[in-house]
Every structure is written in C-alpha cells, then in structure tokens.
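Right, one structure below, let's go through it.
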Amino acid sequence: MPLRSSLSFNAFTELDNMEKLSDKCNIQVPMEVLNLIDDGKNPDEFTRDVLNSCIAKNQVTKGKTDAFKSLQKHLLEELEQTFPDKVESYSEIRASSAAESKRLAQSQSMLPNGDVKVKTEL
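What follows is the structure, encoded as structure tokens:
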C-alpha cells in the first residue's frame, strides 16, 4: 500500500475509533468557551475568570463566617458576664453534643461538615 493510502486509511481508522468511543464520553463544553474560540481568543481566559470568581466568592463567604464566629464569641462573653452559671451549663451541653456529632459522623463515614463520603468509581 502506498504511503498516502496508508496514512488515509490510518486516519479513517482513528476517526472511526473516536466515533465509537464518543458514545461513552459525555463532555460538556460551556458556550462561553466556544464563543471565545470563535472570536479567536484563548479559552484559558474563561477558566481564569471562573477561578477568579470562585476565589472572590470564597473570600466573601470566609468573611461572613469569620464575622459570625466573632459575633458568637462576643455574645458568649456578654452572656458569661450576665449569666455565668447558665453559660457553663451551655458550654458543657455544646461540648457533649459536638463529641456525639463527631462520633456519629465517624460511624457513618461522614465528613465533619456533614457531607457524606462517596466512593467514585471510574
């Protein structure tokens, strides 16, 4: 078989293999990426923008979490000055509840944030 025919045959064979494998592959490409490619731009810009957006949202969420922790600490300090015996009882209940939640999470393969561990099968 001449070289040209051999290359053409190999190319068609590979295209046929790709067609057969495509049924098993479910890849979704965001329209924004396709639009960037159509505009002649680098699709990595989309990835960078998405990551930057995630980082910004994460920082906002962290700020809110820190604010609530600070508020909780401040409220607990104020309550301790006003109701020292009640706050001690509350702290004991909270500690035992946290220990019970941790024990339960470990027995149920749960993560500390309440998510359940899932085995991924590839």
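Sequential numbering of the sequence shown, starting at 9, is according to my numbering. For every residue, glycine included, the Cβ atom is placed at its ideal position computed from N, Cα and C. Quick caveat, the model's predicted, so the values are computed rather than measured.
Sequence-distant residues of its chain with Cβ nearer than 7 angstroms to residue i (five each side left out)
i, result
"I45", "P51"
"L84", "V95"
Simplified DSSP state of residue i, which is helix, strand or coil
i, result
"Q36", "coil"
"K65", "helix"
"F17", "helix"
Residue i versus residue j - alpha carbon distance
i, j, result
"Y98", "K72", "24 angstroms"
"K65", "D74", "14 angstroms"
"S16", "L42", "29 angstroms"
"A107", "S61", "36 angstroms"
Neighbour flag for residue i against chain C, beta carbons, 9 angstroms
i, result
"E27", "Absent here is chain C; the protein component of the structure consists of one chain."
Residue from the options with nearest C-alpha to residue i
i, options, result
"V58", "T21, D24, S30, E40", "E40"
Spatial neighbours of residue i in its chain, beta-carbon cut-off 8 angstroms, leaving aside the 5 residues before and after
i, result
"F54", "P38, E40, V41, L44"
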